[in-house]
DNA sequence: TCACATTTAATTGTGCGCGATTGAATGCGG
DNA sequence: CCGCATTCAATCGCGCACAATTAAATGTGA
């Protein structure tokens with residue numbers, strides 16, 4: 312009823328979808344933390360492992376495109392995964408600009424221990440798979456539109 | 312059809328809602344960046360300003376509860392906002408454990424320059440307000456369930 | 001072939017985000 | 001009133017995230 316309130320509505324924290332996404336991302340992180348601690352991984356490291364479990368032996372560039380991360384983020388992260396004996400980094404002999412990331416046997420076997428993680432997350436979300444899947448699709452569509460704007 | 316694929320589905324990056332949220336949050340950040348650069352703010356700083364534009368003179372604790380951030384994050388961030396002359400930090404005389412955060416005149420007037428930000432974000436999302444509002448509500452509900460799990 | 005642009009990863013600097021700890025101020029139970 | 005737990009902000013350490021720069025390798029056109 313107050314016109315003042317309507318004019319201010321866009322600047323109210325509770326009205327911003329972006330804060331909803333931002334705060335939900337952090338909430339997920341807090342749920343993941345104890346689960347990933349058992350694997351010795353951080354969440355971004357877990358994402359890299361997910362990529363490698365799908366496609367082993369890929370260049371840093373590919374991982375970056377998949378996760379929307381650049382070398383400034385990935386290079387130190389990958390060095391930590393290498394120090395943890397989960398991956399090996401080797402220059403591509405065919406194109407020495409590229410560094411290929413390959414799983415070690417430990418990195419491969421970690422996949423089995425990681426299988427229980429998604430179920431725990433699903434349980435914590437207290438949501439049906441259908442609901443989550445629908446939200447996921449909406450989010451991905453939104454993300455792709457946002458990235459299209461940034462990429463001009 | 313392959314049973315193998317079904318068993319692996321939960322570990323596929325593309326199937327994880329959490330990665331959808333994570334990557335959408337980063338996409339939002341990239342869209343916000345040039346807009347907030349004009350205000351001299353980072354996104355978390357912008358969130359703090361949103362809180363203060365709603366309730367001026369609040370303790371650090373309140374800001375933290377509103378944004379789900381702790382003093383380890385907020386203390387240095389608030390010092391930077393103070394260095395930028397947007398806020399003032401003063402010990403509460405009634406309870407000297409608390410630090411009250413108040414807007415400076417510059418901090419208050421920045422609100423006017425910030426009014427155009429939400430429209431730009433809305434335009435970049437290429438989404439109706441109704442759609443965004445529905446997603447926001449779903450996300451907040453999900454976030455609150457996740458936080459409830461973490462809080463035991 | 002050779003200058004020049006492009007691609008790729010690494011590096012540097014700044015700012016979160018959070019767990020863990022510290023220390024001061026307050027509240028409270030006896 | 002006094003000891004003790006609690007609350008609150010600050011501090012420290014680590015790991016992202018990203019802009020900007022660097023340097024090496026590759027691709028390209030004259």
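Residue numbers (my numbering), protein chains in the order written: chain A, 312 to 463; chain B, 312 to 463.
A virtual CB, placed ideally from N, CA and C, is assigned to each residue, including glycine.
CB-CB under 7 Å to residue i, same chain, minus the five flanking residues each way: which ones, in chain order?
i              : result
residue 326(A) : 320
residue 447(B) : none
residue 392(A) : 356, 359 and 398
residue 388(B) : 355, 356 and 359
residue 374(A) : 359, 362, 385 and 412
On the criterion of 16 or more Cβ atoms from any shown chain inside 10 Å, does residue i qualify as buried, or is it exposed?
i              : result
residue 351(A) : exposed
residue 356(B) : buried
residue 462(A) : exposed
residue 418(A) : buried
residue 390(B) : exposed
residue 440(A) : exposed
residue 454(B) : buried
residue 405(B) : exposed
residue 334(A) : buried
residue 382(A) : exposed
residue 435(A) : buried
Just confirm the distance between the C-beta atoms of residue i and residue j, as a whole number of angstroms; I'd bet it's less than 8 Å.
i              : j              : result
residue 343(A) : residue 432(A) : 7 Å
residue 331(A) : residue 450(B) : 4 Å
residue 421(B) : residue 425(A) : No, residue 421(B) and residue 425(A) are not in contact; Cβ-Cβ is about 45 Å, not under 8 Å.
residue 437(A) : residue 400(B) : Rounded, the Cβ-Cβ distance is 39 Å, inconsistent with contact.
Suppose the cutoff is 6 Å on Cβ atoms and the five residues either side in sequence are ignored; what does the same chain contact list for residue i look like?
i              : result
residue 368(A) : 411 and 413
residue 428(B) : 346
residue 407(B) : none
Among residues of its own chain, excluding the 5 on either side of residue i, which ones have a beta-carbon nearer than 8 Å to its beta-carbon?
i              : result
residue 460(A) : none
residue 328(A) : none
residue 370(A) : 403, 409, 410, 411 and 412
residue 423(B) : none
residue 312(A) : The predicted position of residue 312(A) is uncertain, since its pLDDT is 49 and thus under 50; a value taken from the coordinates is nonetheless stated next. Around residue 312(A): no qualifying Cβ.
residue 314(A) : Confidence at residue 314(A) is low in this model, with a pLDDT of 48, below 50, so its placement is unreliable and the value that follows should be read with caution. There are no such residues.
residue 349(B) : 424
Does the ligand MG have even one heavy atom less than 7 Å from the beta-carbon of residue i?
i              : result
residue 324(B) : What this structure holds is no ligand at all, so the ligand MG is not there to describe.
Exercise. How about the region 402 to 421 of chain B and the region 347 to 363 of chain B: do they share at least three Cβ pairs that are nearer than 8 Å?
Worked result: Touching, yes, given that three or more Cβ pairs across the two stretches are closer than 8 Å.
For this session: Taking only beta carbons into account, state which residues of the region 337 to 359 of chain A come closer than 8 Å to chain B, listed in chain order.
Result: Cβ contacts with chain B: 337, 338, 339, 341, 342, 343, 354 and 358.
For this session: Identify each residue in the region 446 to 458 of chain A for which the Cβ-Cβ distance to at least one residue of chain B is less than 7 Å, and report them in chain order.
Result: Look at the region 446 to 458 of chain A: the residues with a C-beta under 7 Å from a C-beta of chain B are 446, 447, 449, 450, 451, 453, 454, 456, 457 and 458.
For this session: Count the C-beta pairs between the region 338 to 345 of chain B and the region 366 to 378 of chain B that are closer than 8 Å, then say yes if the count reaches three, no if not.
Result: When Cβ pairs closer than 8 Å are counted between the two stretches, the region 338 to 345 of chain B is seen not to touch the region 366 to 378 of chain B, the count staying below three.
Exercise. Which residues, in order along the region 358 to 377 of chain A, keep a beta-carbon less than 8 Å from a beta-carbon of chain B?
Worked result: So the list reads 358, 361, 362, 364, 365 and 377, given in the order they occur along the chain.
Problem set entry | Under 9 Å (Cβ pairs) to chain B, residues found in the region 417 to 435 of chain A | Against chain B - using a Cβ distance shorter than 9 Å - the residues of the region 417 to 435 of chain A are 422, 425, 426, 428, 429, 430, 432, 433, 434 and 435.
Problem set entry | Under 9 Å (Cβ pairs) to chain A, residues found in the region 326 to 337 of chain B | Cβ contacts with chain A: 326, 327, 328, 329, 330, 331, 332, 333, 334, 335, 336 and 337.
Problem set entry | Against chain B: residues of the region 392 to 415 of chain A by CB proximity under 7 Å | Per Cβ criterion, the list is empty.
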